[in-house]
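Here the sequence shown is numbered in this note's numbering, starting from 11 and rising by one per residue. All C-beta atoms in this analysis are idealised placements derived from N, C-alpha and C, irrespective of residue type, glycine included. Report on one structure; see the data block that follows.
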Amino acid sequence: MVDGDSEVPRFGLARAHTFAVEALDAHPVGVEVDVARGLPDFRIVGLADAGVREARDRVRAAIVNSGLCFPQAKITANLAPADLRKVGSSFDLAIACAVLAASGQAPAAALERLALFGELGLDGGVRACHGTLAAAEAARRAELGLMAGSSRAREAMLIGGLSVTVADTLEI
11 MVDGDSEVPR FGLARAHTFA VEALDAHPVG VEVDVARGLP DFRIVGLADA GVREARDRVR
71 AAIVNSGLCF PQAKITANLA PADLRKVGSS FDLAIACAVL AASGQAPAAA LERLALFGEL
131 GLDGGVRACH GTLAAAEAAR RAELGLMAGS SRAREAMLIG GLSVTVADTL EI
């Protein structure tokens with residue numbers, strides 16, 4: 011295992027799926043993360059509120075404290091569509107998994123058929139978020155599985171025809 015602040019040898023692009031929840035509606039959000047050569051920087055773009063922009067700090071700490079390597083590189087996370095307002099911490103898990111996939115620490119193919127919905131603790135723990143039931147229904151409609159924090163996984167399991175993966179930590 012590499013030190014949490016060591017250079018990651020691979021640079022690339024990865025995509026993950028999540029949802030922006032407004033009341034009872036969940037809107038699909040694509041998370042695109044590019045890890046590129048350049049001065050270390052981590053930006054989140056795509057009409058993100060302050061809570062989403064704070065994901066930079068939660069994601070970095072969660073990756074390092076999970077014994078994984080946070081890339082010392084130029085990282086851009088795009089939350090698309092750019093005209094849909096993103097609010098809250100439920101994007102953390104998708105951003106972190108896309109960072110790990112883009113840096114070669116997790117398989118990018120595993121993210122193709124899975125929506126990720128959860129807040130990260132600084133220790134790498136995955137916390138459930140409000141709106142999990144709406145995200146679960148939207149994941150089923152999109153023919154995706156759902157990975158969510160364990161305390162709300164039972165809610166998601168109420169949606170028939172949905173594969174639910176419980177995530178307690180970011181460790182892979």
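- Looking at 60, 166, 162, the one whose alpha-carbon comes closest to that of residue 155 is 166.
- Between residue 133 and residue 65, the C-beta gap is not smaller than 9 Å, which leaves the two residues out of contact.
- Fully enclosed beta strand (DSSP E) runs of no fewer than 3 residues occupy 84-90, 124-127 of the region 60-145, in order along the chain.
- The Cβ atoms of residue 148 and residue 38 lie closer than 9 Å to each other.
- Residue 25: member of the beta strand (DSSP E) spanning 22-32, first to last residue.
- Exclusion of the five residues before and after residue 110 leaves 116 as the residues of its chain whose Cβ lies within less than 6 Å of its Cβ.
- Residue 177 places its beta carbon less than 9 Å from that of residue 136.
- Straight through space, the alpha carbons of residue 49 and residue 125 are spaced by roughly 30 Å.
- With respect to the 9 Å criterion, residue 101 and residue 58 are classified as neighbours on the basis of their beta carbons.
- Residue 35 is positioned such that its CB atom lies closer than 9 Å to that of residue 144.
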